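Contents: one structure, followed by commentary.
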Amino acid sequence: MEHPLLYLNYIVNWLAPGFLDKEHVTYTWFLILLFLAAGLLVRRRLERVPRGAQNVFEAVVEGITSFMDTTMGHGGSRYFPLIGALAFFILLSNLMGIIPGGMSPTSNINTNAACALTVFLATHYVGFKTHGIKYVRHFTGPIIWLAPLMMPIEIIGHLARPLSLSVRLFGNIRGEDLVIIILVSLVPLIVPLPMFFLAIFTSIIQTFVFCLLSMIYIAGAMEHAH
Numbered sequence: 019m020e021h022p023l024l025y026l027n028y029i030v031n032w033l034a035p036g037f038l039d040k041e042h043v044t045y046t047w048f049l050i051l052l053f054l055a056a057g058l059l060v061r062r063r064l065e066r067v068p069r070g071a072q073n074v075f076e077a078v079v080e081g082i083t084s085f086m087d088t089t090m091g092h093g094g095s096r097y098f099p100l101i102g103a104l105a106f107f108i109l110l111s112n113l114m115g116i117i118p119g120g121m122s123p124t125s126n127i128n129t130n131a132a133c134a135l136t137v138f139l140a141t142h143y144v145g146f147k148t149h150g151i152k153y154v155r156h157f158t159g160p161i162i163w164l165a166p167l168m169m170p171i172e173i174i175g176h177l178a179r180p181l182s183l184s185v186r187l188f189g190n191i192r193g194e195d196l197v198i199i200i201l202v203s204l205v206p207l208i209v210p211l212p213m214f215f216l217a218i219f220t221s222i223i224q225t226f227v228f229c230l231l232s233m234i235y236i237a238g239a240m241e242h243a244h
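Anchor point for the sequence shown: position 148 equals 166 in our numbering, and the numbering is continuous, going up by one each time.
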């Protein structure tokens, strides 16, 4: 099922025909520009005693970094730039599909695959950076003579991670977007309201699950092989 009129994509195509012919790319670029503008705005108005928007941002960042240290162990918060960026991007991407005339970039499997591959590459980068060549022992198992059996199993398991992250997020967000489109097109606006609240809850949960699994994968890469 196609999305109804997408205002942002319509405006872009009107200003620059053919520049962006993929809806999820248009809304992804919009989010990137939104994040850049928000970052520059907050940076220009930093104060020693936070207030207003700065106070909210600092509270959110402190909450995320504290949760990361609890989940990943001491020092886990140093990976906040990755996990924080994923959290904000995925959450706003999920919620954009609820706005009339908008769509969720995460309702397209390509967007989710890009995020999942980023986590996949970051996980193994952290593993090799932490352990060097000894990181390979994460794939060989506890007994060296079991390596020929364990390595294929471990490699398949690690390759399945980005697939799992992508498909889980795609299925949930695409499904809720389709349900909202169907309800809005078939019944009065007052009827789908409970679905809107459910979609907001689902968007938050899916963001949490994606980021939590990402933290677990990176934390596992930092641990010593057993």
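Glycine included, each C-beta is placed from N, C-alpha and C at the ideal position. Quick caveat, the model's predicted, so the values are computed rather than measured.
| query | result |
| --- | --- |
| Beta-carbon contacts of leucine 135 that lie in its chain and below 7 Å, excluding the five residues immediately before and after | Pro180 |
| Contact between the segment 218-227 and the segment 69-85 (3+ Cβ pairs under 8 Å) | no |
| Valine 197 versus histidine 42: straight-line alpha-carbon distance, rounded | 18 Å |
| Leucine 167 versus leucine 216: straight-line alpha-carbon distance, rounded | 44 Å |
| Unbroken alpha helix (DSSP H) run spanning threonine 46, endpoints | 41-62 |
| Proximity to phenylalanine 228 [Cα-Cα], best of Leu52, Arg155, Gly102 | Gly102 |
| Terminal residues of the alpha helix (DSSP H) in which histidine 142 lies | 127-149 |
| Own chain residues within Cβ distance below 6 Å of tyrosine 153, not counting five before or after | Gly145, Phe146 |
| Contact under 8 Å by Cβ, serine 122 with aspartate 195 | yes |
| Isoleucine 218 (DSSP reduced to helix, strand or coil) | helix |
| Contact set for isoleucine 236: own chain, Cβ-Cβ below 7 Å, skip 5 residues either direction | Met90, Tyr97, Ala140, Thr141, Val144 |
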